[in-house]
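Here is the structure we will look at, set down as structure tokens.
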Amino acid sequence: MDVVTRARRSGSDWQIMPHDFDWIDGLRTGYYPELVILRNGPISLFLINAGRGSVMNEPRLAHIGLRVSSKTLAALRGIVLIRSFPVVEDNVHGFRFRDPYGITWHLTDIDA
Numbered sequence: 006m007d008v009v010t011r012a013r014r015s016g017s018d019w020q021i022m023p024h025d026f027d028w029i030d031g032l033r034t035g036y037y038p039e040l041v042i043l044r045n046g047p048i049s050l051f052l053i054n055a056g057r058g059s060v061m062n063e064p065r066l067a068h069i070g071l072r073v074s075s076k077t078l079a080a081l082r083g084i085v086l087i088r089s090f091p092v093v094e095d096n097v098h099g100f101r102f103r104d105p106y107g108i109t110w111h112l113t114d115i116d117a
């Protein structure tokens, strides 16, 4: 996947980091991203740093968002309803549900 953006918190805002960011130097100096966005075609991943020494009592993966075709959206909505997965949000162009592992899926047919 290609790195689209690296960012770190700056007060209540996000500061975009340079594209030539060096991880080794960043770890040494304490200047490293808290958010990284990766993309490959229609798939994007948003990675959020939990922090050094964080104890993960919950699954590390909590949310997945995908853009799909309208036909695929309708088919997946049917599967989710048949399997009785909890639906968090539902509208014409998308819905969110939780799978048996507690991961929230957000499916939409609208371009981001």
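As numbered in our numbering, residues 6 to 117 make up the sequence shown, in order.
For glycine and all other residues, C-beta sits at the position ideal for the given N, C-alpha and C.
Within 8 Å, strictly: CB atoms of residue i and residue j
i	j	result
R72	D7	no
G80	I108	The question names Gly, yet the displayed sequence has Ala at residue 80. No; because the gap between Cβ atoms is not below 8 Å, this pair is not in contact.
F90	R103	yes
D30	S75	no
When the options are compared against residue i, the one with the closest alpha-carbon
i	options	result
L78	N54, L112, Y36	L112
R88	V97, S49, P105, H98	P105
L50	V9, L32, R33, R14	V9
S15	W28, H24, L32, Y36	Y36
Contact set for residue i: own chain, Cβ-Cβ below 7 Å, skip 5 residues either direction
i	result
G70	H111
E94	F100, R101
Contacts around residue i, its chain only, beta-carbon distance under 8 Å, and the 5 residues preceding and following it disregarded
i	result
V92	V85, L86, F100, R101, F102
T34	none
W28	Y37
Cβ distance (whole Å) where residue i is taken to contact residue j below 8 Å
i	j	result
R11	F26	6 Å
Proximal residues to residue i (C-beta, below 6 Å), its chain only, five neighbours per side dropped
i	result
I53	L40
Stretch-stretch touch, CB-based, cutoff 8 Å, three pairs: the region 9–19 with the region 33–51: Contact between the region 9–19 and the region 33–51 is present, because at least three Cβ pairs lie under 8 Å.
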